[in-house]
Amino acid sequence: MSPHLILIFGLLVVAGTFLSKISTRIGLPVLLVFLGVGMLAGSDVLGLIVFSDYQAASDFANIALIFILFDSGFNTKKSNLKKYSGPSLTLATAGIIITALCLGVLIHFLLRLDWLLSLLIGSIISSTDAAAVMTIMREKPVKAHVSSTLEIESAANDPMAILLTVFMINLVQNTGTASAASYAGFTLNLLWQFGGGILTAFVLSRAAIWLFNHFGSENQSMFYVMYVGVVLTIYSSAAVIGANGTIAVFFAGYWMGNTDFVFRRGLSHFISGLSSFANMFVFLLLGLLVFPKSMIQVWHHGIILALALIFVARPLTVFLCTAPFRFTAKDRVFISWGGLKGAVPIILATYPAAYGLDPDGMIFNIVFFVVLFSCSLQGTTLSSLAKKLNLSVPPKTHSPYSLELFALDKTDFDVIDLEIHPESPWNGRRLKDLALPEDIVVSSMVRNGKIMSPRGNTMIQNKDILFLMGTPERIHEAASSGGAEIPSEKESDPELHGENPEAENTGSPEGGPDGADSSTQTD
Numbered sequence: 186m187s188p189h190l191i192l193i194f195g196l197l198v199v200a201g202t203f204l205s206k207i208s209t210r211i212g213l214p215v216l217l218v219f220l221g222v223g224m225l226a227g228s229d230v231l232g233l234i235v236f237s238d239y240q241a242a243s244d245f246a247n248i249a250l251i252f253i254l255f256d257s258g259f260n261t262k263k264s265n266l267k268k269y270s271g272p273s274l275t276l277a278t279a280g281i282i283i284t285a286l287c288l289g290v291l292i293h294f295l296l297r298l299d300w301l302l303s304l305l306i307g308s309i310i311s312s313t314d315a316a317a318v319m320t321i322m323r324e325k326p327v328k329a330h331v332s333s334t335l336e337i338e339s340a341a342n343d344p345m346a347i348l349l350t351v352f353m354i355n356l357v358q359n360t361g362t363a364s365a366a367s368y369a370g371f372t373l374n375l376l377w378q379f380g381g382g383i384l385t386a387f388v389l390s391r392a393a394i395w396l397f398n399h400f401g402s403e404n405q406s407m408f409y410v411m412y413v414g415v416v417l418t419i420y421s422s423a424a425v426i427g428a429n430g431t432i433a434v435f436f437a438g439y440w441m442g443n444t445d446f447v448f449r450r451g452l453s454h455f456i457s458g459l460s461s462f463a464n465m466f467v468f469l470l471l472g473l474l475v476f477p478k479s480m481i482q483v484w485h486h487g488i489i490l491a492l493a494l495i496f497v498a499r500p501l502t503v504f505l506c507t508a509p510f511r512f513t514a515k516d517r518v519f520i521s522w523g524g525l526k527g528a529v530p531i532i533l534a535t536y537p538a539a540y541g542l543d544p545d546g547m548i549f550n551i552v553f554f555v556v557l558f559s560c561s562l563q564g565t566t567l568s569s570l571a572k573k574l575n576l577s578v579p580p581k582t583h584s585p586y587s588l589e590l591f592a593l594d595k596t597d598f599d600v601i602d603l604e605i606h607p608e609s610p611w612n613g614r615r616l617k618d619l620a621l622p623e624d625i626v627v628s629s630m631v632r633n634g635k636i637m638s639p640r641g642n643t644m645i646q647n648k649d650i651l652f653l654m655g656t657p658e659r660i661h662e663a664a665s666s667g668g669a670e671i672p673s674e675k676e677s678d679p680e681l682h683g684e685n686p687e688a689e690n691t692g693s694p695e696g697g698p699d700g701a702d703s704s705t706q707t708d
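In the working numbering, the protein residues as written are 186 to 708.
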């Protein structure tokens, strides 16, 4: 590979990373930044990098997708899944099928395409993007019952969309010889891919946890190498037995993310970083694959399909899938608008070309246009819609400092940061008067953006962030008694350390999603 090509690609990554900071502040999904940078550097505009190989793009994107989906599963909390599993998993499974069918019908009649081709395009566009949704929810938070439903749905619906797309490609390829037996075979294969993927994930995630606990290396970097090997092994093992590798890595990520093992905290940063790079790499790569001039030829089809998706298919899916659960009309409107499209639909759009079903790139260009339209319109207006629907909540304070306990052996101890509020019983009291348990230590604190070492006579003030070391359950007890809040995204899940959390509503039709404020239960 030419050093000039590597230099250009490196500069594109750096430029996209800096631009992403600006895009996040204005509510623009990072996806658009890297796609835009890729398109600008591609063959049709500046011509810095010439790339038009759909097969290579599909192969590279699939490898990146392995780490993206593992990260999605790893960051899906078991406690949230218990509360919101009903609506979120219904949207992630049945919702994908409903969206694909609805879009297929609309595409057939509006764009006059073949039935199977229409359903294939509908399947490709059916999933929502976890990275885009979670980024916006992090910067502009909304009420938990809505944000958690959207986040879990977007994290869990990619495997279903991938299965459905592969299923439709098989149907299109065998359209002339399809029979009842072949349809039954496709269905059984679909069930095995799903079930086999979950089985592989369960067995190998348990084996991976055992490996990490018994690895015993004093070199932290070797844990990262082990992680890459584990994820690739899980994916390929599922593929070898004819199951779906993407489902396997997602569920393996979920089980490992909700289990305590050696160096889990340190590994989580690497998992997140590698996933972010994989996302950026995919967006740049797919941006390079697009020829803006060819987009002009399909813009009218793209707008029709995007409007049909945003204003017909997605709302219909949301209202049908959430009907058994306790959501208000405002909740459903927001969830409908929050179905942003992202990397997976564009990656899936390379599949038909790789299988020889999209020789002129029409499907890829249409899907690409729809994703751009969706992110541009929905991504930039989601926060303002939340305010109008009274679903916004104040953002939590994020400390510029982070203290982590990277243990290379099993330990019950952790470091967790707590934020002091005006009404906190700790506010205005000296540290030595807090009556903390003997096994809890305040190791440091942040005040006015500066880190300091507290002493016994240090007066605790509003907006101080205290770093406490101890067992997570004891820290949670101390936080509760002090009226403090754990603001950091690295909040430890008590379930990982064996604590028995309170019984939680599972989001069943009888109970509905828990956590909704009383103000949101009436329109």
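Cβ coordinates follow ideal geometry from the N, Cα and C atoms, glycine included.
Cβ pair residue i, residue j closer than 7 Å
i    : j    : result
V600 : F652 : yes
P639 : L616 : yes
S559 : K526 : yes
A539 : S243 : yes
A534 : F549 : yes
V222 : L197 : yes
G613 : L220 : no
M637 : D649 : no
T444 : I489 : no
L389 : A317 : no
A277 : A329 : no
Y506 : A285 : The sequence given here places Cys at residue 506; Tyr does not occur at that position. Not a contact, by the Cβ cut-off of 7 Å.
V434 : L254 : yes
Span of the beta strand (DSSP E), counted from its first residue to its last, around residue i
i    : result
R632 : V626 to R632
I281 : Here I281 belongs to no beta strand (DSSP E); instead the alpha helix (DSSP H) covers A279 to L296.
K595 : Where K595 is concerned, there is no enclosing beta strand (DSSP E), given that its DSSP letter is neither H nor E.
I636 : K635 to M637
G655 : I650 to G655
Minimum Cβ-Cβ distance from residue i to chain B less than 7 Å
i    : result
Q563 : Protein chains in the displayed structure number just one, and chain B is not present.
Exposed unless 16 or more other CB atoms sit within 10 angstroms - verdict on residue i
i    : result
K262 : buried
E623 : exposed
G195 : exposed
G641 : exposed
V425 : exposed
E324 : exposed
N260 : buried
V410 : exposed
S270 : buried
M407 : exposed
P686 : Only weak support is given to the placement of P686: the predicted model assigns it a pLDDT of 39, under 50, and the value that follows is read from those uncertain coordinates. With fewer than 16 Cβ atoms within 10 Å of its Cβ, P686 is classed as exposed.
I378 : Before going further, note that residue 378 is Gln rather than Ile in the sequence given. With 16 or more other Cβ atoms within 10 Å, it is buried.
E338 : buried
F510 : buried
D343 : buried
H189 : exposed
S205 : buried
D238 : exposed
F203 : exposed
K268 : buried
Range of the contiguous alpha helix (DSSP H) that encloses residue i
i    : result
K573 : T565 to K573
L302 : W300 to I309
M224 : V215 to A226
F259 : Y239 to F259
Distance between beta carbons of residue j and residue i, contact taken as under 8 Å
i    : j    : result
V503 : P530 : Not a contact, Cβ separation roughly 18 Å.
D229 : P477 : 5 Å
G564 : L213 : 6 Å
L349 : S311 : 7 Å
M353 : L304 : 6 Å
L291 : V497 : 7 Å
G370 : I432 : No, G370 and I432 are not in contact; Cβ-Cβ is about 19 Å, not under 8 Å.
> What are the uninterrupted segments assigned as alpha helix (DSSP H) that are 4 or more residues long and contained completely in the stretch 435-502, given in chain order?
Replying inline: 449-474, 477-481 and 484-493
> Can you give, in chain order, each stretch of the alpha helix (DSSP H) that sits fully within the stretch 314-361 and has at least 4 residues?
Replying inline: 315-324 and 329-358
> Fully enclosed by the stretch 513-548, which alpha helix (DSSP H) runs are 4 residues long or longer?
Replying inline: 514-522 and 528-539
>> So within the stretch 396-428, which uninterrupted beta strand (DSSP E) runs reach at least 3 residues, ignoring any that extend past its ends?
In response: none
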